[in-house]
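**Student:** Numbering (my numbering), first residue to last: 3 to 184.
Positions of the beta carbon are idealized from the N, C-alpha and C atoms, including for glycine.
Before anything else, here's the structure in question.
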Amino acid sequence: MRDSLEGFSKFLSYVLRHKPEVIGLLLDGEGWASIEDLIKGAEEVGKFLNYEIICDVVSHSDKKRFEISEDGANIRAVQGHSSESVKRKYSALQPPDFLYHGTATRFLDSIRKKGLLHGARHHVHLTENEVVAHDVGLRYGRSLVLRVKSYEMFLNGCKFFRAENDVWLTLSVSPEFIDNWD
Ligand code: HQG
Numbered sequence: 003m004r005d006s007l008e009g010f011s012k013f014l015s016y017v018l019r020h021k022p023e024v025i026g027l028l029l030d031g032e033g034w035a036s037i038e039d040l041i042k043g044a045e046e047v048g049k050f051l052n053y054e055i056i057c058d059v060v061s062h063s064d065k066k067r068f069e070i071s072e073d074g075a076n077i078r079a080v081q082g083h084s085s086e087s088v089k090r091k092y093s094a095l096q097p098p099d100f101l102y103h104g105t106a107t108r109f110l111d112s113i114r115k116k117g118l119l120h121g122a123r124h125h126v127h128l129t130e131n132e133v134v135a136h137d138v139g140l141r142y143g144r145s146l147v148l149r150v151k152s153y154e155m156f157l158n159g160c161k162f163f164r165a166e167n168d169v170w171l172t173l174s175v176s177p178e179f180i181d182n183w184d
């Protein structure tokens, strides 16, 4: 992501995942919002956006966080939502044997007791890529990558979903399915 686009990307993540109401934006159940309304709403809070900037953010997003509809009229974040208006219906999939979750060492005691919880977001986020997981953990402090026995969870009836940008999602991970505490 180029530096100049990072601020716009953070703003889009904020309104398309978490707080659309701060700019009076409506998200439908699948997370879609009108780009016209997004531009108008942003302008009302003093944030200048236009269609070109939005397309630039979408195409340069390192994690492919956003998607523009085929007709070019709407935009959504593909995962990471906490907004209650969004109830994405991902299709359930068989996961690989293991998936990774990057966290910070300071959360470990709690994770040992309660497992991984989705918190304010709708899902726990997992990845096939350990390096990506490490970077995710760094956002909160000293990073620690937990290995999740995803296939075993699947055999035990837990559902897994994969967002359009290959982020894996599940509702929670109980401690017994984490296999590398030390
Ligand atoms: C931790 C980024 C204590 C959890 C990434 C994490 C991701 C617990 C934090 C996406 C816990 C929640 C999401 C428990 C979980 N006790 N702490 N029982 N269970 N936690 O930001 O997964 O760049 O909501 O380990 O790539 O860090 O924004 O979730 O540290 O896909 O596109 O609670 O955000 O993508 O933090 O990150 P978050 P996350 P973007």
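What I want to know is whether the C-beta of arginine 123 ends up closer than 8 Å to one or more non-hydrogen atoms of the ligand HQG.
**Tutor:** Residue 123 sits at position 121 when you count from the first residue of the sequence shown. Yes - the ligand HQG has a heavy atom lying nearer than 8 Å to the Cβ of arginine 123.
**Student:** Just to confirm the assignment: which complete alpha helix (DSSP H) runs, minimum length 4, are found wholly within the segment 125-164?
**Tutor:** Within the segment 125-164, the complete alpha helix (DSSP H) runs of at least 4 residues are 132-140 and 152-157.
**Student:** Within 8 Å: the Cβ of lysine 116 and any heavy atom of the ligand HQG?
**Tutor:** In the sequence shown, residue 116 corresponds to position 114, counting from 1. Yes, since a heavy atom of the ligand HQG falls inside the 8 Å radius drawn around the Cβ of lysine 116.
**Student:** With a 10 Å radius around its C-beta and 16 neighbouring C-beta atoms as the bar for buried, classify alanine 75 as buried or exposed.
**Tutor:** Your numbering for residue 75 matches position 73 in the sequence shown. By the neighbour-count rule (16 or more Cβ atoms within 10 Å), alanine 75 is not buried but exposed.
**Student:** Mapping the DSSP letters down to three states, classify serine 15 as helix, strand or coil.
**Tutor:** Against the sequence shown, residue 15 aligns to sequence position 13. Of the three classes helix, strand and coil, the one that applies to serine 15 here is helix, per DSSP.
**Student:** Going by DSSP, name the residue or residues bridged to asparagine 76.
**Tutor:** Along the sequence shown, one-based indexing puts residue 76 at 74. Paired residues: Ser36.
**Student:** Give the single residue among Ser71, Met155, Val47 and Glu166 whose Cα lies nearest to the Cα of proline 98.
**Tutor:** Your numbering for residue 98 matches position 96 in the sequence shown. With distances taken between Cα atoms, proline 98 lies closest to Met155.
**Student:** Give the range of the beta strand (DSSP E) segment to which isoleucine 70 is assigned.
**Tutor:** One-based indexing of the sequence shown puts residue 70 at position 68. Unbroken beta strand (DSSP E) run through isoleucine 70: 68-70.
**Student:** I'd like the list of long-range same chain contacts for lysine 49, defined as Cβ closer than 7 Å, with 5 residues on each side in sequence excluded.
**Tutor:** In the sequence shown, residue 49 corresponds to position 47, counting from 1. Closer than 7 Å at the Cβ level, and outside the excluded window around lysine 49, lie Phe13.
**Student:** With hydrogens ignored, establish whether the beta-carbon of threonine 107 is closer than 8 Å to any heavy atom of the ligand HQG.
**Tutor:** Residue 107 sits at position 105 when you count from the first residue of the sequence shown. Every heavy atom of the ligand HQG is 8 Å or more from the Cβ of threonine 107, so no.
**Student:** So, helix, strand or coil for glycine 43, using DSSP?
**Tutor:** Translated into the one-based positions of the sequence shown, residue 43 becomes position 41. DSSP places glycine 43 in helix when its eight states are reduced to three.
**Student:** Indicate, with yes or no, if the ligand HQG has a heavy atom lying under 8 Å from the CB of serine 61.
**Tutor:** Locating residue 61 in the sequence shown gives position 59, counting from the first residue. No; taking the cut-off as 8 Å, the Cβ of serine 61 has no heavy atom of the ligand HQG nearer than that.
**Student:** What does the Cβ neighbour count give for glutamate 186, buried or exposed, with the cut at 16 atoms within 10 Å?
**Tutor:** Residue coverage of the chain in this structure runs from 3 to 184, which leaves residue 186 outside it and unanswerable.
**Student:** For leucine 18, count the other beta carbons within 10 Å of its own beta carbon; 16 or more makes it buried, fewer makes it exposed. Which is it?
**Tutor:** Reading the sequence shown from its first residue, position 16 is the one you call residue 18. Buried is the call here.
**Student:** Extract the residue ranges of the beta strand (DSSP E) inside the segment 89-116, only unbroken runs of 3 or more that lie entirely within it.
**Tutor:** Whole beta strand (DSSP E) segments, 3+ residues: 101-106.
**Student:** Taking the Cβ atom as the reference point for each residue, do histidine 124 and arginine 90 lie within a distance shorter than 9 Å?
**Tutor:** The count along the sequence shown starts at 1 and reaches residue 124 at position 122. The count along the sequence shown starts at 1 and reaches residue 90 at position 88. Yes, Cβ-Cβ distance for histidine 124 and arginine 90 is below 9 Å.
**Student:** Out of curiosity, what's the CA-to-CA distance linking leucine 101 and glutamate 130?
**Tutor:** Within the sequence shown, numbered from 1, the residue matching residue 101 stands at position 99. Within the sequence shown, numbered from 1, the residue matching residue 130 stands at position 128. If you take the alpha carbons of leucine 101 and glutamate 130, they lie about 5 Å apart.
**Student:** With 16 other CB atoms within 10 Å as the buried threshold, where does tryptophan 183 fall?
**Tutor:** Locating residue 183 in the sequence shown gives position 181, counting from the first residue. Flag for tryptophan 183 reads exposed.
**Student:** Could you tell me if the beta carbon of arginine 164 falls within a distance shorter than 8 Å of some heavy atom in the ligand HQG?
**Tutor:** For the purposes of this step, residue 164 is identified with residue 162 of the sequence shown, where counting begins at 1. No, the ligand HQG has no heavy atom inside 8 Å of this Cβ.
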